[in-house]
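Residue numbers (my numbering): 3 to 500.
Idealized CB from N, CA, C, for every residue including glycine.
Please read these numbers as outputs of a predicted model, since none were measured by experiment.
Here the structure comes first, spelled out in structure tokens, and everything after it is commentary.
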């Protein structure tokens with residue numbers, strides 16, 4: 003691989019890029035088998051690079067490099083580890099525009115969304131840098147002559163498997179906590195967007211991270227299975243679809259390792275007749291079609307309560323105004339186009355009404371992988387468009403006569419563990435909160451200021467394993483809490499580990 007990894011594009015114009023190899027032990031290397039896959043630019047619908055495709059042998063090599071680097075990194079004082087990430091933050095800020103355009107070209111995001119991907123990643127990094135102030139441990143006087151101290155120690159070699167939709171941000175959900183804690187790390191990016199991980203590896207090298215502490219292995223199912231199976235990988239973090247999250251969690255758990263797998267994306271919107279039309283219509287459109295609907299925050303299903311046709315009409319009108327290529331980018335690849343259009347056709351066959359049809363949409367230049375904003379009305383809760391993950395620019399509308407009926411639909415949904423409410427009534431919001439809690443439905447709903455328009459976005463992720471990959475939960479996931487009990491009554495030097 004060339005030593006010059008700078009991505010020169012500063013526009014949407016098609017720009018070829020370098021091959022993407024594995025980063026193992028401080029060296030760029032192709033896979034052992036020599037296999038590769040073309041990397042599509044979704045906007046142009048053609049390859050602008052190649053990525054090596056790895057298997058178990060490549061994962062084993064990365065594990066060996068990470069194992070060799072672990073003792074030195076573990077023994078590096080935490081304040082020195084953090085300094086590497088401080089330098090990484092400065093480098094990410096220095097290269098913000100380059101990284102944003104790279105994300106846009108490999109993922110298809112419009113440039114504003116791509117910048118947001120990088121900026122949110124930097125925010126995650128900032129939190130990870132602060133962890134040095136959280137790992138001091140705890141001490142408790144258990145009883146007379148006995149005290150107990152708790153410290154947080156690294157696990158060893160850890161791994162992360164990340165999705166296509168946020169090539170920079172999602173890896174930075176994991177890396178800061180894992181690295182600051184003293185672990186070494188193997189990252190398996192999505193094979194369709196590997197360049198974000200490649201640039202992170204290059205920037206971490208420039209920031210002074212020792213060779214072998216961070217490694218990347220590119221590939222598909224074979225690489226994922228090898229990570230889940232390898233006995234020397236102590237913990238695996240995953241973000242992606244529910245189907246794969248279940249598989250990774252089951253396989254990793256069977257191998258005796260920690261696993262925290264986040265899957266699923268199906269946020270519901272409850273709209274009642276008193277909702278503010280302008281606020282609701284603009285917010286729903288922004289949520290449903292941002293990043294072409296390919297994000298876990300996308301509101302892909304709206305439950306319309308009672309007579310809300312004026313709000314639906316406003317949503318359709320606002321969605322029609324979206325300009326492909328400027329306000330909304332393409333979907334990730336041709337297979338996604340086929341899958342999404344099949345969902346639309348299936349819903350139509352089953353009786354749904356297509357209020358806005360994005361099939362056959364063409365982006366700038368008439369090339370690329372495009373599905374335009376789509377709105378399906380009168381979707382039934384048991385239709386695939388109403389109960390599965392479309393993960394594209396499709397808003398499905400289910401009709402309900404009452405709030406109780408809407409909440410029953412939400413609580414019965416396989417993906418209904420978060421929602422937003424659009425209402426100006428504090429009483430309605432409070433009632434919904436109570437019903438969500440009674441139905442054991444995860445709830446991210448607040449109470450509006452009386453007589454003010456109200457909306458609140460909920461984050462819907464199915465969790466396999468306890469906790470989250472970021473923040474305090476992330477610190478505990480990537481570390482082992484070690485308890486030291488000291489019995490001073492017997493001898494000041496007598497200690498027992500328990």
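Proximity to residue 230 [Cα-Cα], best of 252, 476, 28, 196: Ranked by how close their Cα comes to the Cα of residue 230, the residues 252, 476, 28, 196 have 252 in first place.
Using a Cβ-Cβ cutoff of less than 8 Å, which residues in the same chain neighbour residue 81 once the five nearest sequence positions on both sides are dropped? Excluding positions up to five away in sequence, the list reads 134.
Going by C-alpha to C-alpha distance, which of 187, 347, 370 sits closest to residue 381? Cα-wise, what sits closest to residue 381 is 347.
Length-filtered (3 minimum) beta strand (DSSP E) runs lying within the stretch 167 to 204: List check, beta strand (DSSP E) in window: 186 to 190.
Per DSSP, what are the beta-bridge partners of residue 43 in this structure? According to DSSP, which records beta bridges pairwise, residue 43 is partnered with 48.
To the nearest angstrom, report how far apart residue 21 and residue 483 are at their CA atoms. If you draw a straight line from the Cα of residue 21 to the Cα of residue 483, it comes to about 41 Å.
I'd like to check one pair, residue 378 with residue 414: are the Cβ atoms closer than 7 Å? In this structure, residue 378 does not lie closer than 7 Å to residue 414 by Cβ.
If we require 4 or more residues per run, which alpha helix (DSSP H) segments fall completely within the stretch 212 to 275? Correct list: 223 to 231, 244 to 256.
What are the boundary residues of the beta strand (DSSP E) that residue 141 is part of? For residue 141, the enclosing beta strand (DSSP E) covers residues 140 to 145.
Would the stretch 298 to 307 count as touching the stretch 333 to 351 if we require 3 or more Cβ pairs under 8 Å? Contact check between the stretch 298 to 307 and the stretch 333 to 351: fewer than three CB pairs, one atom from each, fall below 8 Å, which does not count as touching.
Measuring CB atoms only, is the stretch 180 to 193 touching the stretch 259 to 271, in the sense that at least three cross pairs come out at less than 8 Å? Too few Cβ pairs lie closer than 8 Å, so no.
Through-space distance from residue 243 to residue 388, alpha-carbon basis: Approximately 17 Å, taken between the alpha carbons.
How would you label residue 344, buried or exposed, when you count the other beta carbons within 10 angstroms and need 16 or more for buried? It counts as exposed.
Going by DSSP, what residue range makes up the beta strand (DSSP E) through residue 149? Run containing residue 149: 148 to 156, per the beta strand (DSSP E) assignment.
Nearest candidate by alpha-carbon position, reference residue 207, set 331, 339, 12, 86: Minimum Cα distance to residue 207 is reached at 86.
With a cut-off of 8 Å, do at least 3 Cβ pairs link the stretch 275 to 291 to the stretch 311 to 321? A contact between stretches requires three or more CB pairs, one per stretch, nearer than 8 Å, and the stretch 275 to 291 meets this requirement with the stretch 311 to 321.
Rounding to the nearest angstrom, what Cα-Cα distance links residue 245 and residue 365 in this structure? Rounded to the nearest angstrom, the two C-alpha atoms are 31 Å apart.
Please name the residue in 54, 179, 326, 151 whose C-alpha comes closest to that of residue 161. Considering only alpha carbons, the answer is 179.
Starting from residue 398 and walking both ways along the beta strand (DSSP E), at which residues does that stretch end? Run containing residue 398: 396 to 402, per the beta strand (DSSP E) assignment.
Let me know the alpha helix (DSSP H) ranges lying completely inside the stretch 71 to 115, each 4 residues or longer, listed in chain order. Counting only runs of 4 or more, we get 80 to 96, 98 to 109.
Which value, in whole angstroms, describes the spacing of the CA atoms of residue 293 and residue 63? Straight-line Cα distance between these residues: approximately 35 Å.
Which residues share a DSSP beta bridge with residue 424? In the DSSP secondary-structure assignment, residue 424 is bridged to 273.
In the stretch 282 to 334, which residue ranges form an unbroken beta strand (DSSP E) of at least 3 residues, counting only runs that do not cross its ends? Taking only runs of at least 3 residues, the beta strand (DSSP E) segments lying wholly in the stretch 282 to 334 are 301 to 307.
Thinking C-beta only, is residue 47 closer than 7 Å to residue 331? No. Outside cutoff.
Quick one: any contact between the stretch 223 to 241 and the stretch 151 to 170, if contact means 3 or more CB pairs under 8 Å? Touching, yes.
Exposed unless 16 or more other CB atoms sit within 10 angstroms - verdict on residue 142: Under this definition residue 142 is an exposed residue.
DSSP state of residue 350 mapped onto helix, strand, coil: Three-state DSSP puts residue 350 in a helix.
Leaving out five residues before and five after residue 1 in sequence, what residues of the same chain have Cβ atoms less than 8 Å from its Cβ? What the structure shows of the chain is the stretch from 3 to 500, and residue 1 is not part of that stretch, so it cannot be assessed.
Name the residue from 94, 424, 18 whose alpha carbon lies nearest to the alpha carbon of residue 201. Of 94, 424, 18, the residue nearest in Cα terms is 94.
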